[in-house]
Amino acid sequence: LTPVVVAAPASLAGDDGDGGGRSGGGTDASDPLRPFRIGDEPYYRAAGDEVTLFATAYAARVPIMLKGPTGCGKTRLLEHMAWRLGRALVTLACHEDLTASDLVGRYLLDADGTRWQDGPLTLAARHGAICYLDEVVEARQDTSVVIHPLTDARRMLPLEKKGELLTAHADFLLVVSYNPGYQNVMKDLKPSTRQRFGALELGYPPADVEAEIVAHEAAIDAALAARLVALGVRTRAMKGHGLDEGASTRMLIHAGRLAARGIDRFTAARVAVVSPLTDDPDVGEALAALLDACL
Amino acid sequence: MEGAAVPARGGDGGGRAAALFVRALLDGARGEVPVLIAPAGVTRSYGDVLGLHLPASFPMHGQGSALARRARFAAAAHLAAHVRFGDQRLARGALRPIQIVLVSLFEDARVERLAARELPGLARLWAELHTAQPTDLATFPALCARLSRALLVPSYEDPHPIIRKARTLFFHPHHPLGSAQGSRRLGSLLGNDVGQMRLAFNAKDYVVEPAYRDDHRLLWQEPPPKADDEAAPLEQADVEERVGPRETLAPGTTGATGERPAGRARAATPISTAPDETARARGSATYPEWDYSIGVSRPHWCTVRDLAADAPAAPGDDADIATFVGRGPLARVTNLARQLRAYDLVKHRRAREGDVVDLDAAVGALVDRRAGVAPDTRVYQRTARRRRDLAVLLLLDLSASTADPVREQRVIDLESRAAVLLGELLAGTGELFAVHGFSSNGRHQVDYQRFKELDAPWETTTRRRLRDLSPRLSTRMGAAIRHAGRCLAGVHRRGRLILLLTDGEPSDVDAPDPSYLPHDARHAVAEQRRRGLHVFAVGLGSAAAAGVRRIFGESSSCVVDRLSALPDALPRIYARLVR
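Residue numbers (my numbering), protein chains in the order written: chain G, 50 to 344; chain U, 49 to 627.
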């Protein structure tokens with residue numbers, strides 16, 4: 050079996066770093082990554098130096114692990130960075146039944162026989178996109194091993210069934226996300242997987258920044274956004290005491306969006322924050338009182 | 049589901065809700081602040097070294113009404129504001145009773161104003177409970193109630209000259225809001241004016257209005273005289289019900305002793321001095337112990353004695369067990385076991401036989417045939433039950449502190465019900481599991497009891513043994529963890545888990561340094577992890593939170609803050625861990 054080395058066109062032409070906007074062959078109808086390109090700038094308000102760090106890691110082609118609680122902006126950061134770097138973003142939500150073929154690709158039947166179909170990981174590696182494996186711990190450990198050759202110096206993906214040894218496109222980068230608060234004995238990242246990534250730790254942003262984000266995303270005034278954030282911050286103090294997680298930025302934005310469409314702010318926060326957080330009547334009562342106090 | 053576990057009796061649920069509310073309001077600003085429900089008869093809330101105490105009810109707002117529930121949150125928020133913004137305790141000095149009342153009133157207004165500046169909804173919560181009117185009787189308490197309202201509610205109109213003056217002073221831009229000294233100044237100033245009015249005032253009978261406000265013993269260096277008659281005797285008479293971080297006070301530590309019951313002296317108060325158990329010891333093992341102060345592991349430092357489990361005290365059958373754990377929780381565990389089993393169904397691809405064609409394999413076979421190669425005939429897919437392939441060791445902390453009462457039950461009774469329910473779940477999902485427990489009395493006597501061995505069946509006598517758990521002595525956690533690790537050492541499973549139930553930090557009679565045993569426990573956990581074991585701890589009660597987090601780590605520990613829900617919670621915690 051002779052590996053067919055498909056060296057992707059090296060479009061390293063100097064746009065390694067911060068491209069400052071979308072670039073890179075977006076409108077070509079034959080572009081296989083067209084569905085994965087990001088048109089308008091996704092809003093992202095940095096709370097620290099994560100944008101610079103990400104851009105630098107991308108320039109150095111260091112695979113990135115985004116760590117942080119649910120709804121704190123991991124996916125949004127990535128969308129923003131993909132747009133900023135002018136790269137397509139191929140996202141895959143990981144789950145227990147994900148197989149290596151789901152990632153790499155498989156033969157499909159067609160009229161004259163069979164046809165090879167690249168999986169999302171192969172697609173991204175072949176054509177130079179950022180491949181994002183969301184909640185990577187959810188995938189079985191033996192599945193996540195297929196990413197190993199792509200995430201070290203080799204930057205290769207063996208397509209065993211197809212008899213091809215794919216060398217990743219120069220623009221390709223693998224990014225995974227991971228919620229460290231996730232408590233599970235059966236699922237964890239193997240050290241051999243973990244050590245292939247540089248990790249960016251994202252938490253909930255500081256209150257004033259978070260209020261700015263909520264105001265922007267929900268299109269509400271700054272005062273209401275600040276109140277929603279005050280509520281969110283305080284629910285996080287209940288983490289481990291009745292709540293598994295406090296309210297995420299995403300939840301606060303949902304509440305803001307409902308309020309922006311004319312639902313009164315108390316109802317909006319009850320529907321989008323308090324009720325989803327808990328089924329426990331005591332905790333619910335505490336949250337309801339907290340909601341009244343904060344809004 | 050959790051809420052249905054134990055029916056809320058006598059509004060205790062509201063106490064827990066208020067405790068959570070205070071936790072959220074303070075947002076960690078003042079560390080761990082317990083919230084307690086005061087004995088019946090106490091009509092005003094107060095704070096002391098034990099925590100914040102809320103009245104059991106607010107009869108003036110109706111029994112169990114929505115307003116009464118809000119009054120409890122208002123009281124909780126008011127005390128939280130004192131805790132958050134109170135900067136010092138004041139000396140009474142030469143202040144007269146009227147001045148003391150007024151200083152307290154201004155301090156209430158000050159902390160409420162600061163709190164409402166952060167969270168404007170608090171002002172609404174409090175304002176609703178102010179009902180004083182300008183037309184009220186011209187007594188000093190009535191005037192105080194009006195003044196309180198005037199300082200909180202801007203829209204309240206009151207022409208009384210004292211109130212106008214107070215408002216002007218209090219809302220003056222240069223009035224220092226940052227310190228209780230400002231309140232002291234305004235209170236003594238206004239006290240002179242009020243004194244000249246010769247209003248009726250009986251300091252002995254004075255009770256602050258509105259009822260959500262506290263009695264100010266938190267503010268003054270010694271309790272104001274009138275508070276003594278009302279609350280103190282009651283406080284000493286009854287054992288309070290604790291709903292905050294520490295679920296219950298041990299009898300004897302109640303009362304205003306002026307001292308925080310340091311560490312509850314767990315080791316020093318053995319409930320049952322262990323009878324001579326050497327007869328039951330089946331063997332012993334020695335383990336090293338980590339001494340953080342010298343950075344060295346002391347070899348063969350602790351002796352763990354393996355005891356045969358106690359014989360069940362009373363005979364009984366399965367029906368007793370159902371009564372013991374409750375039919376509701378038992379049904380929920382059965383249901384949970386079913387869910388877990390359903391989750392275990394996995395697809396086996398490339399099977400030689402099965403109900404569905406594995407598309408990938410079938411296509412591969414077609415490709416092979418066309419290429420002239422002998423195709424792989426394993427082209428089916430079938431669904432089969434996956435073995436989770438776990439070995440679980442439930443390790444119970446049996447130390448004396450587990451005898452503390454939570455409402456009508458002891459912590460250990462909740463632990464044993466939780467253990468039985470988890471056993472039902474593990475047996476229901478066909479897991480390999482053991483239930484062990486430990487206690488200690490110095491490093492030479494770490495007792496290790498095996499209620500169920502890994503290979504033993506889950507049977508009625510096992511359940512009965514767990515039902516009859518008894519608390520004893522201290523908590524030498526590190527040695528017990530090492531011993532549990534040894535029990536799992538030879539077991540070949542994909543995942544090996546030690547699940548530890550504990551109500552606090554390790555301690556023992558021969559370890560006076562409170563950091564010594566926690567350090568050792570952390571070491572013991574790290575050793576097991578290096579050997580590929582998972583160690584997870586469930587803290588019993590919020591007070592255990594910081595301890596278990598330090599020893600086991602954020603991602604390998606959790607806390608059950610409402611202990612009465614533990615039996616229901618433990619199986620679910622386990623299910624979440626292995627799903």
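Even for Gly, the Cβ is constructed at its ideal location relative to N, Cα and C.
| field | Range of the contiguous beta strand (DSSP E) that encloses G485(U) | value | Counting along the chain, the beta strand (DSSP E) containing G485(U) begins and ends at 480-488.
| When the Cα atoms are used, what is the spatial distance from A160(G) to L414(U)? | Distance between the alpha carbons of A160(G) and L414(U) is about 13 Å.
| For a contact meaning CB atoms closer than 9 Å, what does F600(U) contact in chain G? | Those do not exist, as F600(U) stays about 11 Å from chain G at its closest Cβ, beyond 9 Å.
| message | If you reduce the DSSP assignment to three classes, tell me which class R306(G) lands in. | response | Annotated three-state conformation of R306(G) is helix, per DSSP.
| request: Assuming S226(G) and V185(G) form a contact by the criterion Cβ under 8 Å, report the distance between their Cβ atoms to the nearest whole angstrom. | output: So it is a contact: roughly 7 Å between Cβ atoms.
| said: For Y391(U) and A432(U), what's the separation of their Cα atoms in angstroms? | reply: Going from the Cα of Y391(U) to the Cα of A432(U) covers about 11 Å.
| query | With burial defined as no fewer than 16 other Cβ atoms inside 10 Å of the residue's Cβ, what is the status of D341(G): buried or exposed? | reply | So D341(G) counts as buried.
| How about V539(U) and A467(U): do their beta carbons lie closer than 8 Å? | Cβ atoms of V539(U) and A467(U): not closer than 8 Å.
| Between the C-alpha atoms of H176(G) and L214(G), what's the straight-line distance to the nearest angstrom? | Looking at the backbone, the Cα of H176(G) and that of L214(G) are separated by about 14 Å.
| query | In terms of alpha-carbon separation, which member of L172(G), N228(G), R245(G), L251(G) lies closest to E99(G)? | reply | It is L251(G).
| field | Nearest-angstrom Cβ-Cβ length linking V70(U) and A128(U), presumed shorter than 8 Å | value | That pair is a contact at about 5 Å.
| said: Is the separation between the beta-carbon of V599(U) and that of A559(U) shorter than 8 Å? | reply: The amino acid at residue 599(U) is misidentified as Val; the sequence shows Ile. Taking 8 Å as the Cβ cut-off, I599(U) and A559(U) do not qualify as a contacting pair.
| message | Restricting to Cα atoms, I'd like to know which of T351(U), P615(U), R524(U) is closest to A370(U). | response | Closest by alpha carbon: P615(U).
| message | So that I know if they touch, is there some Cβ in chain U lying closer than 8 Å to that of L326(G)? | response | Chain U, which has no Cβ nearer than 8 Å to the Cβ of L326(G), makes this no.
| How is W268(U) classed by DSSP in three states: helix, strand or coil? | In the structure shown, W268(U) falls within a strand segment according to DSSP collapsed to helix, strand and coil.
| query | What are the start and end residues of each continuous alpha helix (DSSP H) run of 4 or more residues lying completely inside the region 292-336 of chain G, in chain order? | reply | The qualifying runs are 298-309, 314-318.
| 8 Å Cβ cutoff met for V149(U) and G95(U) | Against a cut-off of 8 Å, the Cβ pair of G95(U) and V149(U) comes out as no contact.
| query | At a Cβ cut of 7 Å, what residues of the region 306-330 of chain G count as close to chain U, listed as they run along the chain? | reply | Answer in chain order: D328, D329, P330.
| query | What is the DSSP secondary structure of P423(U), counted as helix, strand or coil? | reply | Residue state, collapsed to three classes: coil.
| message | Nearest by alpha-carbon distance to D262(U): which of E472(U), V494(U), Y622(U), L102(U) is it? | response | Between D262(U) and the set E472(U), V494(U), Y622(U), L102(U), the nearest pair of CA atoms involves L102(U).
| request: With a 10 Å radius around its C-beta and 16 neighbouring C-beta atoms as the bar for buried, classify H222(U) as buried or exposed. | output: Within a 10 Å sphere around the beta-carbon of H222(U) sit fewer than 16 other beta-carbons, which makes this residue exposed.
| Nearest-angstrom Cα distance between R208(G) and G485(U)? | What sits at residue 208(G) in the sequence shown is Leu, not Arg. One C-alpha to the other measures close to 52 Å.
| Under the DSSP definition of a beta bridge, which residues are partnered with E250(G)? | K116(G).
| task | Please state whether DSSP places V344(U) in a helix, a strand or coil. | result | DSSP places V344(U) in the strand class (E or B) of the three-state scheme.
| So is Y156(G) in contact with chain U if we call contact Cβ pairs under 8 Å? | Using beta-carbon distances, Y156(G) counts as an interface residue toward chain U, with a partner under 8 Å.
| task | List the residues of chain G that K395(U) touches, going by C-beta distances under 8 Å, in chain order. | result | Below the 8 Å Cβ cutoff, chain G contributes D146 as neighbours of K395(U), in chain order.
| request: Output yes or no for whether 8 Å exceeds the beta carbon distance between D406(U) and Y428(U). | output: Against a cut-off of 8 Å, the Cβ pair of Y428(U) and D406(U) comes out as a contact.
| message | Out of L618(U), V608(U), A142(U), which one is the CA nearest neighbour of G239(U)? | response | The alpha carbon of G239(U) has as its nearest neighbour, out of L618(U), V608(U), A142(U), the alpha carbon of A142(U).
| said: Suppose contacts are defined by Cβ-Cβ distances below 8 Å. Is H218(G) in contact with V607(U) by that definition? | reply: No, they are not a contact pair.
| message | If I follow the unbroken alpha helix (DSSP H) through F188(U), where does it start and stop? | response | Run containing F188(U): 188-200, per the alpha helix (DSSP H) assignment.
| Which residues in chain A sit within 7 Å of A137(G), going by Cβ to Cβ distance? | Reference to chain A is not applicable here, since the protein chains of this structure are G and U.
| message | Using 8 Å for Cβ pairs, my map puts A309(G) next to A321(G). What's the rounded Cβ distance? | response | Between the beta-carbon of A309(G) and that of A321(G) there is about 12 Å, and that puts the pair past the 8 Å contact cut.
| Is the shortest distance between the beta-carbon of F481(U) and the beta-carbons of chain G less than 8 Å? | For F481(U), the nearest beta carbon of chain G is not closer than 8 Å to its own beta carbon.
| task | Excluding the 5 residues preceding and the 5 following A164(U) in the sequence, name in chain order all residues of the same chain whose CB lies nearer than 6 Å to its CB. | result | Correct list, in chain order: L170, A171.
| said: Comparing C-alpha positions only, which one of V201(U), R520(U), R498(U) sits nearest to T510(U)? | reply: Nearest of V201(U), R520(U), R498(U) to T510(U), Cα basis: R498(U).
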